[in-house]
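What follows is a single structure, written as structure tokens, with notes after it.
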């Protein structure tokens, strides 16, 4: 037993291995019981049945027996080969047994008969190979041979009893309704699980649906689920069921390819997020998604670019004009361009194809340009669900998804996003628009929302040049928002004004410097003058003193000369 | 139609079911009446020999195969419509 708490691993169910179907039935077909698969011609009954056996034999180690009432074994094997199922090889390994039980055309009928022979053979075969699964394909063909309603019913009942006794998981396919109506209804009541397939065309677009009608003792998704028969067989579209394990989210950021946009987003997109880029035609949605693709390739991440508008080669050429070089990544195989311009089919088909291709390419990053193609004529009803599933799938697979979406001016759609209402599902929504001003159209970029990350609230101008894609601040001041040439003019005018002011400042400074120098010189001369005065003053004092001394000295000398020597000593 | 060609039949039956018993009885009666001394009947029970049933592609019972004269001819059912059966086995001209 699987220890994981997944509702898928249920021992009472036999997994079909059919993408989506096991989720709808919460585990697969009822183990050891009988399931009736009905549908009109070409609805995919045989393919479903074959896939049930092939997957059982290959993936779940449950050998199976296929009883073909309608087709030859050779044709079955050829058809299955188209889906990559090697029936002959499986038969050789004793994992599968194909029994051709077509009534031979030259068969003559005389009186009633029963299925006894077949059941005896099958019983032996089940024992011999340890079969756990059995398919009766187109049982209605056998029933038409029986003469009356009573014996038909009897044979159906005999088969049912036999299946219960043998404890194999059985799948009976049958055309619905028709002349075998009675026994068909009887079968529907008898079986434990009934699945119907239908195939209709709406507005020229083929839509296939699968519905589980009943499932005794189990819950199941009762709604019609669209499905596609793809390269690998059935692919049933499912929306997330309650109780399914949430996917692991990542905190890792991946670059948008535009440095300044990363800054606006606080580091880039989240890995595994769904990014929506909306805008009118020509607002550089493709360019922005191309920048993302290039950046992803540069990191060496496998990337797929699905272009509905133009061919891959055209996209590569056009993007190279703005410095986004994708050709080398195409060459080394990291990038895969899918040109889906003329692809027709339901939104389901597109989704399945995209999923299959992405799986094949092992893509980590996916660009869908534009995703609004999904809601092309005939698909309006399903497109929203498809978009939801696309996002759900990409998240589950950890694929970072960048979708562009056209907002058409002519349709008068507002910023409310596209018809798909994908905008509510997207994690990051970047809107591009034009600002028409002074005879110019300039591209503006704004982040409308970005879950789980701080992001800039500002509109930026998106500039495309041969050097690449970048953003610049728009000129926003005084209630004005200017872009393009007007922004440039306003900015250059400001630059000139700044320069003038700067020069004036410089001039003023020089003159102040000069004045300062003059004053300094004056201060210095005054100081010198002061010193001179001081010197003069000291000199004056000293001269005065010496003159006094000289005077008295002279008197003494005179006395001496005159001969008056009495007071000689006392004088000095 | 005077050739003394021997008729060989293999009758596949599913044990002792009603249809199978009826077929065996009808075949015996038919042979006694139309091919006295010119027939061989082998009865195979598919429940006892399922491998042979599978190999011979016997899916509905009872089933009668005329192995000789060739080509082999298969008839399913209880063999309870003698006219049709005789025609199929080449014991009565188809023109009638």
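Chains as they are written, first to last, in our numbering: chain F, 1 to 572; chain H, 1001 to 1096. Virtual Cβ for every residue (Gly too), placed ideally from N, Cα, C.
Out of the options, which one is the CA nearest neighbour of residue i?
i, options, result
"residue 375(F)", "431(F), 524(F), 392(F), 308(F)", "308(F)"
"residue 350(F)", "560(F), 34(F), 227(F)", "227(F)"
"residue 296(F)", "317(F), 283(F), 271(F), 311(F)", "271(F)"
"residue 429(F)", "167(F), 404(F), 438(F)", "404(F)"
"residue 249(F)", "370(F), 448(F), 427(F), 294(F)", "427(F)"
"residue 469(F)", "458(F), 258(F), 117(F), 81(F)", "258(F)"
"residue 82(F)", "291(F), 95(F), 231(F)", "231(F)"
"residue 476(F)", "510(F), 461(F), 222(F)", "461(F)"
"residue 1062(H)", "113(F), 199(F), 15(F), 550(F)", "113(F)"
"residue 269(F)", "399(F), 298(F), 184(F), 154(F)", "399(F)"
"residue 237(F)", "439(F), 147(F), 539(F), 392(F)", "392(F)"
"residue 437(F)", "423(F), 484(F), 465(F)", "484(F)"
"residue 48(F)", "174(F), 370(F), 141(F), 530(F)", "174(F)"
"residue 321(F)", "467(F), 200(F), 19(F), 225(F)", "467(F)"
"residue 363(F)", "384(F), 373(F), 336(F)", "336(F)"
"residue 451(F)", "424(F), 434(F), 388(F)", "424(F)"
"residue 401(F)", "506(F), 367(F), 22(F)", "367(F)"
"residue 253(F)", "352(F), 274(F), 234(F), 233(F)", "274(F)"
"residue 474(F)", "439(F), 347(F), 435(F), 532(F)", "435(F)"
"residue 188(F)", "140(F), 144(F), 165(F), 354(F)", "140(F)"
"residue 1060(H)", "115(F), 14(F), 64(F)", "115(F)"
"residue 87(F)", "148(F), 52(F), 348(F), 289(F)", "52(F)"
Identify the contact partners of residue i in chain H, using a Cβ-Cβ distance below 8 Å as the criterion.
i, result
"residue 108(F)", "1073, 1074, 1075, 1076, 1084, 1085, 1088"
"residue 100(F)", "1057"
Would you mind telling me which residues of chain H sit closer than 7 Å to residue i, beta carbon to beta carbon, in chain order?
i, result
"residue 118(F)", "1059, 1060"
"residue 112(F)", "1019, 1077, 1078"
"residue 104(F)", "1074"
"residue 427(F)", "Neighbours of residue 427(F) on chain H: none; closest Cβ ~58 Å, over 7 Å."
So with CB distances below 7 Å, who are the chain F contacts of residue i?
i, result
"residue 1053(H)", "117, 120, 121"
"residue 1050(H)", "120, 121, 123, 124"
"residue 1024(H)", "Within 7 Å Cβ-Cβ: nothing; residue 1024(H) doesn't reach chain F, min ~12 Å."
"residue 1068(H)", "By Cβ distance, chain F contributes nothing, its closest Cβ being about 17 Å from residue 1068(H), past 7 Å."
What residues match up with residue i in a beta bridge as DSSP calls it?
i, result
"residue 449(F)", "429(F)"
"residue 233(F)", "230(F)"
"residue 588(F)", "With chain F covering 1 to 572 only, the question about residue 588(F) has no answer from this structure."
"residue 1068(H)", "1008(H)"
"residue 199(F)", "208(F)"
"residue 1039(H)", "1007(H)"
"residue 463(F)", "470(F)"
"residue 1074(H)", "1065(H)"
"residue 339(F)", "307(F)"
"residue 214(F)", "194(F)"
"residue 437(F)", "440(F)"
"residue 38(F)", "174(F), 196(F)"
"residue 406(F)", "279(F)"
"residue 530(F)", "Answer by DSSP bridge pairing: none, since residue 530(F) is not bridged."
"residue 369(F)", "307(F)"
Quick one: list the residues of chain F neighbouring residue i, beta-carbon separation under 8 Å, in chain order.
i, result
"residue 1046(H)", "116, 117, 120, 121"
"residue 1035(H)", "Chain F residues near residue 1035(H): none, gap ~17 Å exceeds 8 Å."
"residue 1081(H)", "110, 111"
"residue 1063(H)", "113, 117"
Is any non-hydrogen atom of the ligand NAP found closer than 7 Å to the C-beta of residue i, if you look at the structure I gave you?
i, result
"residue 306(F)", "Absence of the ligand NAP from the depicted structure is noted, as is the absence of any ligand whatsoever, leaving it without description."
Mind listing the chain F neighbours of residue i? Cutoff is C-beta to C-beta under 9 Å, in chain order.
i, result
"residue 1029(H)", "Ordered by position in chain F, no residue passes the 9 Å Cβ test against residue 1029(H), which lies about 13 Å from the chain."
Interface residues of chain H around residue i at Cβ under 9 Å?
i, result
"residue 165(F)", "In chain order: nothing, as chain H lies at least about 13 Å away."
Taking 8 Å as the CB-CB limit, is residue i close to chain C?
i, result
"residue 138(F)", "Absent from the structure: chain C. Protein chains present are F and H."
Inset, instruction - Say whether the segment 325–344 of chain F touches the segment 252–268 of chain F, bearing in mind that this needs 3 or more beta-carbon pairs closer than 8 Å, one atom from each stretch. - result: Short answer: they don't touch.
Inset, instruction - Take every Cβ of the segment 197–216 of chain F, pair it with every Cβ of the segment 67–86 of chain F, and state whether three or more of those distances are shorter than 8 Å. - result: At 8 Å Cβ cutoff, the stretches do not touch.
Inset, instruction - Write down every uninterrupted run of the alpha helix (DSSP H) in the segment 84–148 of chain F whose length is 4 residues or greater and which is fully enclosed by it, in chain order. - result: Those alpha helix (DSSP H) runs which fall completely within the segment 84–148 of chain F and span 4+ residues are 87–92, 116–129, 139–145.
Legend entry - Touching by the beta-carbon criterion (3+ pairs, under 8 Å), the segment 1050–1059 of chain H and the segment 116–133 of chain F: A contact exists between the segment 1050–1059 of chain H and the segment 116–133 of chain F.
Inset, instruction - Kindly confirm or deny that the segment 37–56 of chain F and the segment 166–173 of chain F touch, where touching means at least three C-beta pairs closer than 8 Å. - result: Between the segment 37–56 of chain F and the segment 166–173 of chain F there are three or more C-beta pairs closer than 8 Å, enough to call the two in contact.
Inset, instruction - Determine, using beta-carbon pairs with one atom in the segment 26–33 of chain F and one in the segment 216–224 of chain F, whether at least three such pairs fall under 8 Å. - result: The segment 26–33 of chain F is in contact with the segment 216–224 of chain F.
Inset, instruction - Inspect the CB distances between the segment 1075–1088 of chain H and the segment 1026–1036 of chain H and report whether three or more fall short of 8 Å. - result: Yes: at least three Cβ pairs fall under 8 Å.
Inset, instruction - Take every Cβ of the segment 291–305 of chain F, pair it with every Cβ of the segment 429–447 of chain F, and state whether three or more of those distances are shorter than 8 Å. - result: No: the two stretches stay apart, fewer than three of their Cβ pairs being nearer than 8 Å.
Legend entry - Touching by the beta-carbon criterion (3+ pairs, under 8 Å), the segment 1036–1051 of chain H and the segment 98–114 of chain F: The segment 1036–1051 of chain H makes no contact with the segment 98–114 of chain F: fewer than 3 CB pairs, one atom from each, lie closer than 8 Å.
Legend entry - Entirely enclosed beta strand (DSSP E) segments - the segment 277–326 of chain F, minimum 3 residues: Whole beta strand (DSSP E) segments, 3+ residues: 303–307.
Legend entry - Inter-stretch contact at 8 Å, needing at least 3 Cβ pairs: the segment 308–318 of chain F / the segment 194–204 of chain F: The segment 308–318 of chain F, when compared against the segment 194–204 of chain F, does not touch it at the 8 Å Cβ threshold.
Inset, instruction - Would you check if the segment 190–197 of chain F and the segment 32–44 of chain F touch, i.e. whether three or more CB-CB distances between them fall below 8 Å? - result: By the criterion of at least three beta-carbon pairs nearer than 8 Å, the segment 32–44 of chain F is in contact with the segment 190–197 of chain F.
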